[in-house]
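Read through the structure below, which is laid out as structure tokens, and then see the notes.
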Amino acid sequence: MSKISKIKNNDPLNIKEDDQLKLLVQFRPIIKSKKQLIDEIQQLSNPQVITWFIEKELRVDWFKYLRDDLIRPIRDEPKCGDPTFFLYDLEKWLLLNQKCDKTKLRISSKIQKIKNLKCPDIKFLYSADFFQFIKSNSQELKKYINDVIWEKRFFIPKASAQKLAKEPPRSNISIKKSYSTLRYLEGYFLIRKILEENKFKPGNSINIVFLLPNDEDLYYKNEDNLKSFQKNVCEMLRIEKPSFTKGQITIRFIPFEWNEKDIALEDARPYKLQAGKDIITNDNLELLTSLKNMVCYRDLKDILIKDCEEELLDIAQYLPEVLARYQQSDMYAYTKKSFFLRKSCIQMLKKTSDFLKKVLPNAKLLLVYAYRHPDVQQKYFCEQCDLMKQKYDFLEEEELFEMVHQLIAVPKVAGHPTGGAIDLTIQVEGKTLDMGTKIADFSDSEKIKPFSKQITDVQQKNRLLLRSIMVQAGFAPFDGEWWHFSYGDNEWAGYYKKPYAIYEQVFLTKK
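Numbering of the sequence shown is given in the numbering used here, commencing with residue 1065 and proceeding in unit increments.
What follows is the structure in structure tokens.
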């Protein structure tokens, strides 16, 4: 195929030779004023506007900006017709290793919050569905995506420099390592979803608007030819043969300036993660910087358990070099002030301590929790369920369990009662390293996540040190809490895709 150059921006391409559908793609210069942005959209007839959840979760301030500063002024202009706004979440980009229906569950409470803000003009699209599209499209479309887009598309240097830590589900597609290419395919998927929503009549036209913060339109451009996206969308629609009637599709990419509290959007992109090179090695880089989702209760409840009957041991008798101090007294009735772990966990913790001393000779591990009696686990879980029910009374039981599990594990799959889970940090010469939060400080659920954007570079470096030495020893991290690690339990089996867990829960008698 010969290279196309200097294509005018008003030259629509036919999807089929019989002129069944025409498509035109336009890239607009960045818009720096809200009034100009509103005017641009108001000039369109019945625009279908796609915009994004900012960062990995829906933010209420962003939604209010859309509703009050963009949507309402646009709808107040009669000539604009009947615009529809589609809000598309980015959360799935952090959930690359999970089943593609997880996103819908995890943002259910946020969607309810939006509905309470009352804006019927907003519909929802899910990045989970995009990854399902990547997995399940036809062989002919897979071949086209592989041969033309993955292999021949010019990468955007700014975007392709950011590598995915884990490849997304892809069936038989040969994946390149470029985030920019995935976003490029995502653009086609969103267009396809909008067309499914709009069964327009013969001769009608449809205006699709990508309303993009800052420089996000780069993902849909090629440096040598701005028409490649248009050509590829046409060809993929031809392959899929959708049941659309005659008409014209016009797609406009409209970038606009967006900053929140002087933080540029680029700093919040979910694939951008800085790691301390002196701590992360080539062997564990991919695993440690994996932006995988917290393991969900649904992932764990059906995991088989084949208990190896390994004994519980008192940590102090085998690891005197490791500090162990309870932060609370809930286990005193069962173990007094002693900490118990399975034998293999103690051996692995010895390796962790040795790894730490190589990096920080004066440092020690500080444990604050290990084995927890199942009755204590049950008590905490029930208390948290009661609190969540009061706050989110609209949740079904499965949704409630999923939400509570991120704070206190469902007893059936909890790791602490197996003797295979620990909560710990690092202490240097009597002072605890700054991790950004204290252990078990649940006042901010985002800040306690290992790769939170709310912590400093030093705090992130300290968390990565702890994560690095624990993972190297064989423990599985929990991506909801920077301090929690486990071995042998359901979460360990789920994280490393093991066929079964090797530790069952243990019921110690009171001392």
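Backbone N, C-alpha and C fix where the C-beta goes; we use that ideal spot for every residue, glycine too. What you are looking at is a predicted structure, and each value in this text was computed from that prediction instead of being measured.
Quick one, which of Gln1100, Glu1555, Asp1133 has its alpha-carbon nearest Arg1362's?
-> Glu1555
Asp1211 versus Leu1205 - alpha carbon distance | 10 Å
Who are the near neighbours of Arg1247 in its chain, counting only those whose CB is closer than 6 Å to its CB and skipping five residues on each side?
-> Tyr1283
For His1548, which residues does DSSP report across the bridge?
-> Asp1487
With a CB to CB cut of under 7 Å and the five nearest residues on each side skipped, what residues in its chain are close to Lys1584?
-> Nothing about residue 1584 can be reported from this structure: the residues present for the chain run from 1065 to 1575 only.
Cβ-Cβ distance between Glu1114 and Leu1254 below 8 Å | A small fix is needed here, since residue 1114 is Ile in this sequence, not Glu. Contact flag set, yes.
Same chain only: Cβ atoms within 7 Å of Leu1424, ignoring 5 sequence neighbours per side | Val1492
For Val1432, the first and last residue of its enclosing beta strand (DSSP E) = 1427-1433
Asp1498 (DSSP reduced to helix, strand or coil) | coil
Distance between Pro1093 and Asp1133 (C-alpha atoms, nearest Å) | 20 Å
So, helix, strand or coil for Leu1424, using DSSP?
-> coil
Helix, strand or coil at Leu1276 according to DSSP, with G and I counted as helix | strand
Roughly how far, in whole angstroms, is the beta-carbon of Leu1387 from the beta-carbon of Leu1431, given that I think they are within contact range, below 8 Å?
-> 7 Å
Excluding sequence positions up to five away, which residues of its chain have a Cβ less than 6 Å from the Cβ of Thr1148?
-> Gln1112
State the DSSP-derived secondary structure class of Ala1504, mapped to helix, strand or coil.
-> coil
Give the secondary structure of Arg1389 by DSSP, where H, G and I count as helix, E and B as strand, and everything else as coil.
-> coil
For Ile1270, write down the residues that DSSP places opposite it in a beta bridge.
-> Ile1313
May I ask you to check if the CB of Leu1246 is nearer than 7 Å to at least one heavy atom of the ligand NAD?
-> The ligand NAD is not part of the structure shown, which contains no ligands of any sort.
Please determine if the stretch 1432-1439 and the stretch 1402-1412 are in contact, where contact requires at least 3 C-beta pairs separated by less than 8 Å.
-> yes
Cβ pair Asp1553, Ala1504 closer than 8 Å = no
Pro1541: buried (16+ other C-beta within 10 angstroms of its C-beta) or exposed?
-> buried
Counting only the same chain and skipping the five closest in sequence on each side, list residues whose C-beta sits under 6 Å from that of Gln1569.
-> Pro1438, Pro1481, Thr1482
May I ask which residues mark the beginning and end of the beta strand (DSSP E) holding Phe1149?
-> 1148-1152
Considering only C-alpha positions, which residue in the set Gly1558, Lys1513, Lys1525 is nearest to Trp1546?
-> Lys1513
Skipping 5 residues on each side, what residues in its chain have a beta carbon closer than 7 Å to that of Ala1557?
-> Ile1367, Tyr1564, Ala1565
Alpha carbon to alpha carbon, how far is Ser1393 from Lys1400?
-> 8 Å
If you drop the 5 nearest sequence neighbours on each side, which residues of the same chain put their C-beta closer than 6 Å to that of Lys1415?
-> Ala1537
Thinking just about the alpha-carbon of each residue, which of Phe1320, Asp1487, Lys1295 is nearest to the one in His1056?
-> In the structure as shown, the chain begins at 1065 and stops at 1575. Residue 1056 is therefore absent and cannot be evaluated.
According to DSSP, residues forming a beta bridge with Tyr1564 | Leu1368
Per DSSP, what kind of secondary structure is Ala1397 in: helix, strand or coil?
-> helix
What whole-angstrom Cβ distance do Val1273 and Leu1108 have, given they're in contact under 8 Å?
-> 7 Å
Identify the continuous alpha helix (DSSP H) that holds Ile1105 and give its terminal residues.
-> 1098-1106
If you count every other CB in all the chains shown that lies within 10 Å of the CB of Tyr1152, and 16 or more means buried, which is it?
-> buried
With C-beta atoms as the reference, is Pro1319 less than 8 Å away from Glu1374?
-> no
In three-state terms, what does DSSP make of Lys1086?
-> strand
Label Arg1316 either buried or exposed according to how many other C-beta atoms from any shown protein chain fall within 10 Å of its C-beta, with 16 as the threshold for buried.
-> buried
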